[in-house]
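All remarks here apply to the structure that follows.
Chains as they are written, first to last, in our numbering: chain B, 1 to 338; chain L, 1001 to 1338; chain F, 2001 to 2338; chain W, 3001 to 3338; chain X, 4001 to 4338; chain H, 5001 to 5338.
Here is the structure:
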C-alpha cells in the first residue's frame, strides 16, 4: 500500500564533466540535482509512494532550477522552504578502468540548507502528515544546527508513531580527524529512535567502537549486527558488501536482519556506468519492501537488484520503476526489448 | 560481378536517446533512418552492387529527410514513391550491462508505406530492372496490403528469373496472439518462391510448426533445415546462433546450407556497441557471397564477420566496406591503423 | 490569492531541429512536451497557483517522459490518466529571417488523449476540486469524443460555480475544408458556458460568421467584441493583435473587454527567439490578473508583457516568474543583472 | 522539363567552428562537403533535375565521407573518380555583427582533384550523357592541369551541342599578384564557349580589362555587359549587386541580360545566417529558369530569391526545394507554417 | 615596445547556460575562467606584451583547471600561488532581446583569493619584475585583507617606479548599503597612487561624492574628470559612455583625458553577442596605447574598437589580436575574409 | 629537482570523430593539438619541470589555436617560431572492440614544421638554455631538412653537456618501402649522441639490422639491448612490451636497462579508452625518474604506470599529475575519491 515518505536532507548540484575528460580538458558540464534524501524519495515515488523532501533551497535561479528538477524526479515539494543564498555543489570527473572518479566539493557549509534557521521547519506538522522519514549520516556530519534538527524531527516522528529510517553513511572527509569519537553520540541517539537502519559491520566497528575477534567481514557482520539491533532496539538492519573485481566489474550482496534472522541476497556482478547513489537505491528498496510487507527474501532481492541496476543508469538518482526491477529479478542479461 | 539488388520494405525513423539516459532524463535524440531493406541494400552498395529500395515515403519534410538519408547510405531512389502523410518511427533507449535496451514504437500502421495503394508500385517494371529482390518477415506482419504486395512482387521477380531472398525474421509483437498460425500460410507461400532464405530452427519449429525429438538447438537445426530446404525447394538457407555471455559479450556462429551440405563459420565473440541490424548485416554478407560466387566457406565467414562487425559500429545500418570485412577476417583484435 | 486552476488538453512531444538546420541536414533533435493546456497551467504555477492538467498519457516510456516533464514544469498530475499507446508529436524546423519555421505533425488522432474512453475522466470530481478550468479550440477540433468531453467538463465546472476559460484558437488545418461551418456550433456552445474568452475579431468574423462594414482590424475588433460578449454573456474577452515588421521584429498589442469597456495595452516591439506558445503566455496573464483581482490596466499590461517575454525564451511553455514579468513592465531594455 | 546537369569542380571539406567562437577557443568543428559545383548541382537536384558532379576524390575515409555526403545532397556520382590521397579543406570561424567571418585554407593544391591525371576523365563520354555543364573561375585558378581539363571538357560539351555555363567567380587570393593579366586569356577562352555566364561589371573591368567613363556600378554594368555578350557571343549573362547595410542586413539585386535586354529583380533585404554559397544558389536559379523556359522576369526573380534564401540556411549548399522558393516569392516575412 | 604587465585579481569560474535557456530548463553548462585581471592581461598578451596574473588558486582539480585555462589565454603564471579550497564562480543565464542576462554568484568570500594570507604574495619582488600593475574596484570591494594587499602592492609598484593602473569599476551589489561612503577612502587612496585610471563621471559623483550643476552626462564628464585628474595627480583618465538603443544594439564612445585635454573616439554602434568583459577590453586598449606611445587619438580609437569588438566574441575575455583590431578600425562592416 | 626540458617536433592537429561513428556518419569533430614532443614535455610540465617545445607553427588562426592549446598544456612557447602556411593534421575514427581505430593523415610534408628554413632555429642558444632535449624517430622520417636539424640540434646539446633523449619510434608508413635501410644511418647517428633511448628488440632487429637466434621477444630483448647500449654508448635504454588480450584489455610491461642491468616493471593489465600517446607517457616517466634520481625500480614503475594511465584518459597527451601516478602505484582499482 502506497505510503507518504519524507526524507530530510540537502539538495546538491552535481556538475559532471561529460565523458572521461578532466576539468582541465573539457569546457562543458552536465548538471543535475541530487542528495541522499532526494535519491531515496525519488525512487520511492517511482515505486508508487508519495515522496516528500524536507529541505531548504535558496530563493534564486539555482534554487528554482533545483526545485524544478525535484519536480522532474516526481518529488512533492510542499515541505521545501526557500531561504539563504547558496546551494552546495560538487564537480565530478568520471574515472575509467583503474583510474578512479574524482569529486571536488564547493564550500557547502554556507548552503541554504546548512545555514537555515531552525524555525524554518514545522517538524510537528510534517510528522503528522507523513508515515516514514529518512535521515542520513551525511546530514549528521554537517553542523550542530543540522544535528539538532535531525533530533527534533526524529522525536516528532516517533511522537506520531511514524517510522524512522536511518542510513549511517559515515563519510570520513566530512567528520575530519577524530571523527569517529565526535560522531558516536549523535549516531547512538539516532539509532535509538530508528526503526530501520542501513549499515554494515564497519559502522559498528568504527563509529560505534565495537570489538570483535573475527577478521573476515562476513563473520564480523554476523557477530556485530545482532548486537547493534538489540542494543538500540532496531527492528530492521540492512546493508551491502561490495567487491571491486579485477576486470572492473563490481559485485554486490545485500543482507537484511530482522526478527533475529539474517537473510542474504544472491551476489550480483555487473559492469558499472555510474556508481554514485547506489546505496540510496538499495535503501529505497528496503523501505519499499518493508512498507509493502514483502517477505525478507523478496525485500533483500528487490533492494540489491535496485542497487545493482542503479549502476547501469545515468546520475545519482534511481530512475527505474518497480516493474523494471521485478523484470530484472526474473530475467538475466537480456537482449533488446521490442 | 556487381548486381542490381532491390529490397522491399518500410523506412523507419530511429530516434535514439544519446548515451545511456532514459527518455525521462534526456532532452535530445539522435535520429537516423533504417529498416531491414534499407540495411541490406545499403550494405550491398558498400560492397559494390547497385542497391535499390522499393518503398513509399511521405511528401513532407520527414520524407525529404528520409530520402536524403538513403542517398547518404548510397541507396538509389528511383523506385521510391511519395504518398501519404506519416513515417513510422521508434524511440530507442540504450541499455547498459544487464539493463536491456528498450524500443517504443509509434503507430506505424498509418505510415506511408503501410497505407500505400497497391497501384503505386510497378512491380513488373522493377522486376525487369533488377537481379535480386529481398523480402522480410517484418513487412509480412504489417497488413493484408503489404502481404499482397509481397506476393505480387515475388511472383514478378520469379517471372523475370530474378533471385528472391526471404528473411523470415518473425516478430511475435507484430503478429500478436495466435501469431504463428496466422503467419504460417504467408511464410509458406513466400518460402516456395524463395531462392535464398534466412532462418534457423526456431522458425521451423514455431512458424512452420515442424516437430523434432531433439532438444539442443544445434541438433534441431541440423535435422530441420534440410527438411525445409527440400519441402520448399530452397537453394540456400543461412542463419545464425547467438549466445549472450555472462560478461555481456555476445557470440555468433553462422551456418549455410546448400547442396545438401551444412557449412559452419567459426564462433566469433565480441563486445557489443549496437546490436540492432546485425541480422541484416549477416544477410547482406550471404547475398554478396552468393552473387559473387564465393565458396560456401568464404560466404559464411564473410557473412558472420559482417554481422559481428555490425555490433561495433553506430546505428542499425552496416557502414563498413567489403575490404574492411576481409581485413577483419584475416587479422584479429588489431591496434590502431596508421 | 492563489487558485486551483486546471486545463483540459493534449500533451504533445515537440521534436525540434537544433539551430537553423532542416530535418534533411541535422542528426539530432531537442525534445520537450507542451500543449496549450500545459503551457497555460505551467505559467500559472510559476505565478503561485496550483496548476493541474486533465489529460491522458500512454503507459510507456514516452508517457513516463511526458509525466516527468510536466513535473519539471511544476504541474500537478493527479488528474492525469494512463491509457492507450501513443503520444502526439510534431517536428519543428526553426526559420531564420524571412524563411518561416515549419511544423510537421505525426498522426495525433491515434494518441492516448484522442482515443481515450470518456469514462476515464471523473469530471464531476475534478470540477469540485478546482476553481478554474481552461479549454481550447484545438481540442475542440480533434473529434467527437473530445468535443463531448469538453461539453461535459464545462457543464460540470459551471455546476460547481467554477470559472470556464475558453481560448478560441481556431486552426484551419485541423478543421479542414468547410471548417468554419463545422466548428461554429461547438464554439457557440462553449462560448455560452465561458466566463473568460480569448479571441479577436477574426474569430467573430470567420468562426461565428458575424458581419461588419469596417475594414481595419482595430475598428472591426471594437465593433464585434462587444456584440460577442453580449450575445454569449461573457464577462471578459481578451486577445491580441500581432504585426510582423519588416526587420523581422514583432509587435504585440493586447486588449481586454470587460464591463462594456475596452482596455488596450501599450504596443510592445521585440526580437523573436521562439514564437510558439506566445498566445498561451498571454492567456495565462489574463487568467492571473482576473484571479488576483488586478485592475484591467494591470491585467492587460501583465498579459501582453508575459506574451512578449515568451518570445525571448526557449520552448513553447512560459518559464518566467511573475516577478520577472513585473520587473520587465517597470524597466525597458536592460543590461546584465548582477 | 528535367535535364541532366553536370558541374566540374573540386569537393572541399568545410570545417566550421560552431557558434561564434574562434579556433583558439573551441574544441569541436562541424564538417560538411561543398564546392561551387557541388552547390549548383545539389540545388538543381532539389529542383527536379538529375545533378552530376565530375570530380576526383581520394580513396580513403575522407573520400568516402565526401562521397556519402554528395549522396545526401542528392548528387549522382557516376562521374566521380577515386585517385590521390588528399581532400582540400578550409576552416571557417563565423563572424558576428561587424566582426567578419574568417576562412583558413589547407594546402589544396595537393588535393586529389588538383593532382588528378587528365586521363582520369572521359569528357567525351560525359558530354554525350548530359545536357548542361557548369564551370567556375575557382577551378580555372588552380593550375594548368585544371585549366586544360576545363578547356577540353568545354569543347567536348560544345561538340555535343550541350550548354556551357561559366561562373566567372574571380578570387584574388588564388591568382596572386598580377592575377588579372594571368587570368584573362583563360577567361576569354571559356567565355567564347559559354552559353550562360555569371558575372558583373567588376569582372569586365578587372579580368577582361575593359574601360568605362561611368563611375556608378549600375551604369557600368549597363554599359559593359552588352559589350561582353556581343564580343563573346554569350546568350545569357546574369549576376547580382550586393550591399551590406549598416544594420548588418544585406541587400541583393539580380540582373539578367538576354536578347539585348536587361531584366532586373526586386532588391531583397534580409538578415544573414550564412553567406557562403549564395552566389551558387543564384546561379542554380538562373540555370533552372533557362532550362525550364521561364520568362526572364521569372528567372531572375527565382534566382535572386534562391540566393537570398540561401543566406537563411545552414552551410554552403542550397537546401530548399523549388516549391519553397516559389512560396517565398509569393509571401513576405511569414509566421510559422503549421 | 613590449612590456611586462601584471594584474592583481581573483579568477572566477563562469558557468554559462548554453543558448538562451534558463537554469531551470537546461542540463549543461559551458565553463571558462575569467576576472577583470585575467581579461586585461590576456588581452595585453594578445597584443604582444608579457601578461602576468598575481592571484591565488586552490590546490585541487578546479585550481588546476583554472591554471590550465590561464595558460590557454597566454597568461604567465609564475606569480600565481596555490592555497585554500575554493574558487569563486558565477552562473550566467543569457538574455535575449529585452529580457536581460542574469548572473548568480556562489559564496566567493570563502574563495582561495579572498581568504589568502597576506604573506602569500611577495609584492616587493613582483614589483621589481614588472613594468605595470592593474588593480580593480571589484577586488577593493572584497574584504580588508584584499584592500590591504592592494595598498601594499600599489606602494611597492610606485617604489619601483612602475605604472599603477586603476579601474574604478564600482559594483553596488558588492559594497552593499551605504557602500559609497564605505568605499570612498579606499578609492581615494588608490587614486592617489594611480597613473592611469578608468572611470567616468558616475564614479566622480557617487563614489567620490563630487558635486555639479550640470545634468547631461557629457557635461558632467567634462566638468568633473579634470577635477579628479588634478586632485589625485592622475596622468591619464579614460572611460566610456554606453547607450542601449531601442533595437537592442549598443553604442559606445570612449574618452581619454591627458595633459589637460579630452580626446573623444567615434561613437561605435554594434549588435551584441556577449557584453561581459567589454570594459576590460577597453582598459587593455588604453594600457596598450599608453605603453606603445600611441597618440591620444590612436589610443582611444584602439581602445573603443577593442571594447566594441569584445561584444562580438564569446566569453568575458578579449580574444582578438591587435592586428584584428587595427583591421577593424580601417574597414567597416566587412564580408567574409577568404 | 626541476629541470628545463625541451622537445623538438611537429605539432599536429588531431580531428577526432566523437564516439564510435565513422567519418561517413558523423558531422562533428573534436580537435586538439599533439605530437610526440608535445606529449612528452606537457607530461613533464605536469610533473613540475619547465617544458619547452622547439617547433614552427603557421602565422594564421590554426597556428594561433595550436599555440593557445600548448599554453593550456602548460608548455612554454619561447622557442616556437611562426612561419609557413600549414599545420599537419590527422583524422581519427575510434575503433570499438575488435574493430580497430583508423587514422587518415593530411599532406603534412607541406606543414610549417616540415618546410621551415633551417635558419629559423637558434639551436646553440636553445641548447644553452635547457638541460634535456627529446628527439623522436617520427621527425627523423620527415625529410632531409628535418634530419639535418635533428643532427645539428643534438650536436649543440652535447656541446653544452645537455642530455639527449631519443625515442626510436619507427613508423613503417612514413619511411615507405626499403625504409629500414634508408633509416639505419640516421638512427645510428642519433643513437651515438643519445644518453637515454626508448626502444625495444624490434628496433634492434629491424632498424639496426641486428641478428639473434632467439625467438621469444623477451629473450631477444635481453640479448640485444645490452649490445645496443654498448655499441652506441647509451646510458639508459627503456621500453615496453604490449600484449592485446582476447577481452580487448591491454597488458604492458616496462624495462629499464642501465649500468649493465635490466629492471622490469610489473605487468599492468587495463581497459583502454585512448591508446594514442601511451608511448610518450612512458617516455615522460623515464625522463622524470632519471632527472629526479629515482632508483631504477621507481623509475620503471612510475613510467609504466604513467603509460598505463594514459590509456584511461582522453586525447594523445598525458594529463595526470605525478601525484596521481604515485597514488595509482600504491592503490589498485579504486572506487570514487570524495
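Ideal Cβ positions, reconstructed from N, Cα and C, are used throughout, including at glycine. Keep in mind it's a predicted model, so treat the numbers as computed, not measured.
Start-to-end residues for the alpha helix (DSSP H) that takes in residue i
i	result
residue 4276 of chain X	No alpha helix (DSSP H) contains residue 4276 of chain X, which DSSP labels as neither H nor E.
residue 1259 of chain L	First-last for residue 1259 of chain L: undefined, no H or E at that position.
residue 174 of chain B	172-175
residue 325 of chain B	322-330
One or two residues paired with residue i in a DSSP bridge
i	result
residue 2136 of chain F	F:2167
residue 1034 of chain L	L:1012
residue 4096 of chain X	X:4099
residue 253 of chain B	B:241, B:267
residue 4339 of chain X	Residue 4339 of chain X lies beyond the residue range present for chain X, which begins at 4001 and ends at 4338; the question has no answer from this structure.
residue 196 of chain B	B:165, B:236
residue 1105 of chain L	L:1090
residue 2041 of chain F	DSSP lists no partner for residue 2041 of chain F.
Own chain, CB closer than 6 Å to residue i, minus 5 neighbours either side, in chain order
i	result
residue 2206 of chain F	2180
Contacting residues, own chain, Cβ-Cβ under 7 Å from residue i (five flanking each side not counted)
i	result
residue 3126 of chain W	3006, 3054, 3079
residue 1203 of chain L	1168, 1170
residue 3129 of chain W	3004
Residue i - DSSP class collapsed to helix/strand/coil
i	result
residue 4267 of chain X	strand
residue 2311 of chain F	coil
residue 2234 of chain F	coil
residue 3087 of chain W	coil
Exposure label - residue i; buried when at least 16 CB within 10 Å
i	result
residue 3331 of chain W	exposed
residue 5144 of chain H	exposed
residue 4199 of chain X	buried
residue 5075 of chain H	buried
Residue span of the beta strand (DSSP E) that contains residue i, given as start and end
i	result
residue 4155 of chain X	Here residue 4155 of chain X belongs to no beta strand (DSSP E); instead the alpha helix (DSSP H) covers 4144-4159.
residue 2082 of chain F	2080-2082
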